[in-house]
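Trainee: Pasting a structure here, questions to come.
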Amino acid sequence: MNKELEHKFISEFQENQNIIHKVCRIYTNNQEAHNDLFQEITIQLWKAYPKFRGDSKLSTWMYRIGLNTAITLYRKSKRTIQTQDFDTVLHKIKSTDYDNTEEEQLKLMYKAIHQLSDIDKALIFLYLEDKNYKEISETIGISEVNARVKMNRIKTRLRTILNP
Amino acid sequence: MDELDILKKDWKKQDANFPKLSYNEIYKIIHKKSSSIVKWIFIICIAEFLFWGFINLLIPESFFTIYEKLHLKAFLKITYILHYAIVVVFIYLFYKNYNSICVVDSTSLLMKKIIKTRKTVNYYVYYNIIMTIILSIIVNIIMFSDPALLNEVMNPKHVPIDETKFFYIVLTVHIVGLLIMSGLLWLYYKLVYGILLRKLNKNYKELETLDI
């Protein structure tokens, strides 16, 4: 692939790299796993870039490839499997450590998000990114009604985790 | 304030905390090799095509003389031509499905296409197994319907042997062979699906049940 395209990609990617960091934030829970997934998504973006025509926004295109890589294409390395164990250990001590400050609530919230299924994570991610249901349903490939129903379930689930 | 609003507020704040990768760092990343499951599926599928292709080449020459004695040479020739025509169709379908995999599709469509590509190769393997079984049944029926011929083919040195006993030995060998082959295949698929496709299948099922 030519140098010009490579330069254009890297510059555009550099501007928008936070989108991918955010995907990694939802799907991984330590730095190593974060970097691993970040790398795979970046490679997938670069591989798909020659076909990117600009008929959709670059950010929308990045959301899709980011989520698709995290949910479907990415194979967890051994490192990430170990951190999952770490996450469950944290989960077990959660109830005794409960404290109602905002920071504690956030910690619990992120922990709860890490326990969601891959699909639920995608939904909550798009919700946090202020995407409307039309865009959510198109990204995941489910109907708008089902996206709404599912989202409400996830929200209720997250709330009950915080207010048992 | 609702807990989810707190989360949303925090989510928007975090941008500043992320590391900013430099031009050079990104450059290095895009020159690394991907390890996506699509790539692995592609490698495994090609290996399966080659494996079943080579198995045909491994059949010893002496095996074909059996067919000659059974007057099945013409039959074998036709089956071979048919077989290779079918293989070409399978390779074309695999190529078509693999090429349609697009990382920008919606999540459910992407999964559907990956599963479809994988299934093409599964059907190819099933086809090979079924064809082997059918061919061996045909040959066996012809052999067993003519005891003189059977003796000639399986026992060319004319060692004296009880005919019923002989029948059972051949039958047992066939069944045991079939069982071992199915066992190996089962193990292989358990491994391939267990390691590579468990996550994909699980997520796909979740999406499917969601969209009923």
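Going down the list, the sequences are from chains A and B.
Mapping of the first sequence onto the working numbering: position 36 corresponds to residue 36, and the numbering continues sequentially without gaps.
Offset between the second sequence (1-based) and the working numbering: plus 1000.
Quick reminder that beta carbons are idealized off the backbone N, C-alpha and C, glycines included.
With a threshold of 7 Å between beta-carbons, can residue 92 of chain A be considered close to chain B, or not?
Mentor: Working through the first sequence from its first residue, we reach residue 92 of chain A at position 92. Because the pLDDT of residue 92 of chain A is 42, which lies under 50, any placement of that residue in the model is unreliable, and the question is left without a value.
Trainee: Hey, is the stretch 1079-1096 of chain B in contact with the stretch 47-56 of chain A, meaning 3+ C-beta pairs nearer than 8 Å?
Mentor: At 8 Å Cβ cutoff, the stretches do not touch.
Trainee: Rounded to the nearest angstrom, what separates residue 1024 of chain B and residue 45 of chain A at their Cα positions?
Mentor: By one-based count along the second sequence, residue 1024 of chain B stands at place 24. By one-based count along the first sequence, residue 45 of chain A stands at place 45. When rounded, the distance between both Cα atoms is 17 Å.
Trainee: Please report the straight-line C-alpha distance between residue 73 of chain A and residue 1087 of chain B, rounded to a whole angstrom.
Mentor: Counting from 1 along the first sequence, the entry for residue 73 of chain A is found at position 73. Counting from 1 along the second sequence, the entry for residue 1087 of chain B is found at position 87. Looking at the two C-alpha atoms, the distance is approximately 28 Å.
Trainee: Looking at the ligand SAM, does it come within less than 6 Å of residue 39 of chain A, judged from the CB to the closest heavy atom?
Mentor: This structure lacks the ligand SAM, and indeed carries no ligand of any kind.
Trainee: Determine the extent of the alpha helix (DSSP H) in which residue 130 of chain A is found, giving its start and end residues.
Mentor: Locating residue 130 of chain A in the first sequence gives position 130, where the first residue counts as 1. Unbroken run through residue 130 of chain A: none, as it is neither H nor E.
Trainee: With C-beta atoms as the reference, is residue 24 of chain A less than 7 Å away from residue 13 of chain A?
Mentor: Here residue 24 of chain A is taken as the residue at index 24 of the first sequence, counted from 1. Here residue 13 of chain A is taken as the residue at index 13 of the first sequence, counted from 1. No; because the gap between Cβ atoms is not below 7 Å, this pair is not in contact.
Trainee: Determine, using beta carbons only, whether residue 1007 of chain B comes closer than 7 Å to chain A.
Mentor: For the purposes of this step, residue 1007 of chain B is identified with residue 7 of the second sequence, where counting begins at 1. Yes, because at least one Cβ of chain A sits closer than 7 Å to the Cβ of residue 1007 of chain B.
Trainee: Three or more C-beta pairs closer than 8 Å, one from the stretch 63-70 of chain A and one from the stretch 1099-1117 of chain B: is that the case here?
Mentor: Contact between the stretch 63-70 of chain A and the stretch 1099-1117 of chain B is present, because at least three Cβ pairs lie under 8 Å.
Trainee: Going by DSSP in three states, residue 116 of chain A sits in which element: helix, strand or coil?
Mentor: For the purposes of this step, residue 116 of chain A is taken as the residue at position 116 of the first sequence. Here residue 116 of chain A sits in coil by DSSP.
Trainee: Applying a beta-carbon distance threshold of less than 8 Å, which residues of chain A neighbour residue 1103 of chain B?
Mentor: Numbered from its first residue, the second sequence carries residue 1103 of chain B at position 103. Those are 44, 47, 48, 64, 65, 68, 69, 73, listed as they occur along chain A.
Trainee: Starting from the Cα of residue 1146 of chain B, find the closest Cα among B/1115, B/1200, B/1070, B/1206 and give me that residue.
Mentor: Counted from its first residue, the second sequence places residue 1146 of chain B at position 146. Residue B/1070 is the option with its Cα nearest to residue 1146 of chain B.
Trainee: Where residue 1049 of chain B and residue 43 of chain A are concerned, what is the direct C-alpha to C-alpha distance, given to the nearest angstrom?
Mentor: Within the second sequence, numbered from 1, the residue matching residue 1049 of chain B stands at position 49. Within the first sequence, numbered from 1, the residue matching residue 43 of chain A stands at position 43. One C-alpha to the other measures close to 28 Å.
Trainee: Can you give me the C-alpha to C-alpha distance between residue 1036 of chain B and residue 1007 of chain B, rounded to a whole angstrom?
Mentor: Numbered from its first residue, the second sequence carries residue 1036 of chain B at position 36. Numbered from its first residue, the second sequence carries residue 1007 of chain B at position 7. One C-alpha to the other measures close to 31 Å.
Trainee: Does any residue of chain B bring its CB to less than 7 Å from the CB of residue 80 of chain A?
Mentor: Position 80 of the first sequence, counting from 1, holds the residue named residue 80 of chain A. Note that residue 80 of chain A has pLDDT 42, beneath the 50 cutoff, so the model's placement of it is unreliable and no number is given.
Trainee: Going by beta-carbon coordinates alone, are residue 142 of chain A and residue 1200 of chain B separated by less than 7 Å?
Mentor: Counting from 1 along the first sequence, the entry for residue 142 of chain A is found at position 142. Counting from 1 along the second sequence, the entry for residue 1200 of chain B is found at position 200. Not in contact: residue 142 of chain A and residue 1200 of chain B (Cβ atoms no closer than 7 Å).
Trainee: By the DSSP assignment, the alpha helix (DSSP H) with residue 1073 of chain B in it spans what residues?
Mentor: Counting from one through the second sequence, the residue named residue 1073 of chain B turns up at place 73. That run of the alpha helix (DSSP H) goes 1073-1100.
Trainee: In this structure, does DSSP put residue 1198 of chain B in helix, strand or coil?
Mentor: By one-based count along the second sequence, residue 1198 of chain B stands at place 198. Residue 1198 of chain B falls in the helix class under three-state DSSP.
Trainee: Helix, strand or coil, according to DSSP, for residue 1015 of chain B in the structure here?
Mentor: The residue you call residue 1015 of chain B lines up with position 15 of the second sequence. Residue 1015 of chain B falls in the helix class under three-state DSSP.
Trainee: When the Cα of residue 1178 of chain B is compared with those of B/1078, B/1137, B/1031, B/1160, which residue comes out closest?
Mentor: Position 178 of the second sequence, counted from the first residue, corresponds to residue 1178 of chain B. Nearest of B/1078, B/1137, B/1031, B/1160 to residue 1178 of chain B, Cα basis: B/1137.
Trainee: Please report how far the alpha carbon of residue 1026 of chain B lies from the alpha carbon of residue 1020 of chain B, in whole angstroms.
Mentor: Taking the first residue of the second sequence as 1, we reach residue 1026 of chain B at position 26. Taking the first residue of the second sequence as 1, we reach residue 1020 of chain B at position 20. C-alpha separation (whole angstroms): 10 Å.
Trainee: Select from B/1157, B/1159, B/1129, B/1066 the residue whose C-alpha is nearest the C-alpha of residue 1186 of chain B.
Mentor: For the purposes of this step, residue 1186 of chain B is taken as the residue at position 186 of the second sequence. Here the closest residue by C-alpha is B/1129.
Trainee: From this set, A/108, A/149, A/163, A/18, which residue's C-alpha is nearest residue 58 of chain A's C-alpha?
Mentor: One-based indexing of the first sequence puts residue 58 of chain A at position 58. The candidate whose alpha carbon is nearest that of residue 58 of chain A is A/18.
Trainee: Could you name the residues of chain B that residue 59 of chain A contacts, counting a contact when the two beta carbons are closer than 7 Å?
Mentor: Along the first sequence, read from residue 1 onward, the residue named residue 59 of chain A stands at position 59. Those within 7 Å of residue 59 of chain A in chain B number zero; the least Cβ separation is about 13 Å.
Trainee: Along chain B, in chain order, which residues have C-beta atoms closer than 9 Å to that of residue 141 of chain A?
Mentor: On the first sequence, position 141 is the one that residue 141 of chain A refers to. Near residue 141 of chain A (Cβ distances below 9 Å), the residues of chain B are 1105, 1106, 1107, 1108, 1109, 1110, 1111, 1112, 1207, 1211.
Trainee: Between residue 11 of chain A and residue 1015 of chain B, what straight-line distance do the alpha-carbon atoms span, to the nearest angstrom?
Mentor: By 1-based counting over the first sequence, the position of residue 11 of chain A is 11. By 1-based counting over the second sequence, the position of residue 1015 of chain B is 15. So the alpha carbons of these two residues sit roughly 18 Å apart.
Trainee: Taking all protein chains shown into account, do 16 or more other C-beta atoms lie within 10 angstroms of the C-beta of residue 89 of chain A, making it buried, or fewer, making it exposed?
Mentor: Residue 89 of chain A sits at position 89 when you count from the first residue of the first sequence. Residue confidence is low: residue 89 of chain A scores 41 on pLDDT, short of 50, so the model does not pin down where it sits. Its coordinate-derived value is still stated next. Residue 89 of chain A comes out exposed.
Trainee: If I follow the unbroken alpha helix (DSSP H) through residue 8 of chain A, where does it start and stop?
Mentor: By 1-based counting over the first sequence, the position of residue 8 of chain A is 8. Unbroken alpha helix (DSSP H) run through residue 8 of chain A: 3-27.
Trainee: Compare the C-beta of residue 1192 of chain B against all C-beta atoms of chain A and say whether one is closer than 7 Å.
Mentor: One-based indexing of the second sequence puts residue 1192 of chain B at position 192. Closer than 7 Å: no.
Trainee: Mark residue 137 of chain A as exposed unless 16 or more other C-beta atoms lie within 10 angstroms of its C-beta, in which case mark it buried.
Mentor: The sequence position of residue 137 of chain A within the first sequence is 137, counting from 1. So residue 137 of chain A ends up on the buried side.
Trainee: Can you give me the C-alpha to C-alpha distance between residue 148 of chain A and residue 115 of chain A, rounded to a whole angstrom?
Mentor: The residue labelled residue 148 of chain A in the question sits at position 148 within the first sequence. The residue labelled residue 115 of chain A in the question sits at position 115 within the first sequence. So the alpha carbons of these two residues sit roughly 20 Å apart.
Trainee: When you compare each of B/1051, B/1032, B/1047, B/1059 to residue 47 of chain A by their alpha carbons, which one comes out closest?
Mentor: The residue you call residue 47 of chain A lines up with position 47 of the first sequence. Among B/1051, B/1032, B/1047, B/1059, the Cα nearest to that of residue 47 of chain A belongs to B/1032.
Trainee: Do you know whose CA, among A/159, A/101, A/133, lies nearest residue 112 of chain A's CA?
Mentor: Reading the first sequence from its first residue, position 112 is the one you call residue 112 of chain A. Here the closest residue by C-alpha is A/159.
Trainee: Among residues of its own chain, excluding the 5 on either side of residue 1004 of chain B, which ones have a beta-carbon nearer than 6 Å to its beta-carbon?
Mentor: Taking the first residue of the second sequence as position 1, residue 1004 of chain B is located at position 4. Excluding sequence neighbours, residue 1004 of chain B sits near nothing in its chain.
Trainee: Whole angstroms are fine: how far does the CA of residue 109 of chain A sit from the CA of residue 121 of chain A?
Mentor: On the first sequence, position 121 is the one that residue 121 of chain A refers to. On the first sequence, position 109 is the one that residue 109 of chain A refers to. Distance between the alpha carbons of residue 121 of chain A and residue 109 of chain A: 12 Å.
Trainee: Run the CB neighbour count on residue 5 of chain A, radius 10 Å, all protein chains shown included, and call it buried at 16 or more, exposed below.
Mentor: Residue numbering aside, residue 5 of chain A sits at position 5 when the first sequence is read from its first letter. By the neighbour-count rule (16 or more Cβ atoms within 10 Å), residue 5 of chain A is not buried but exposed.
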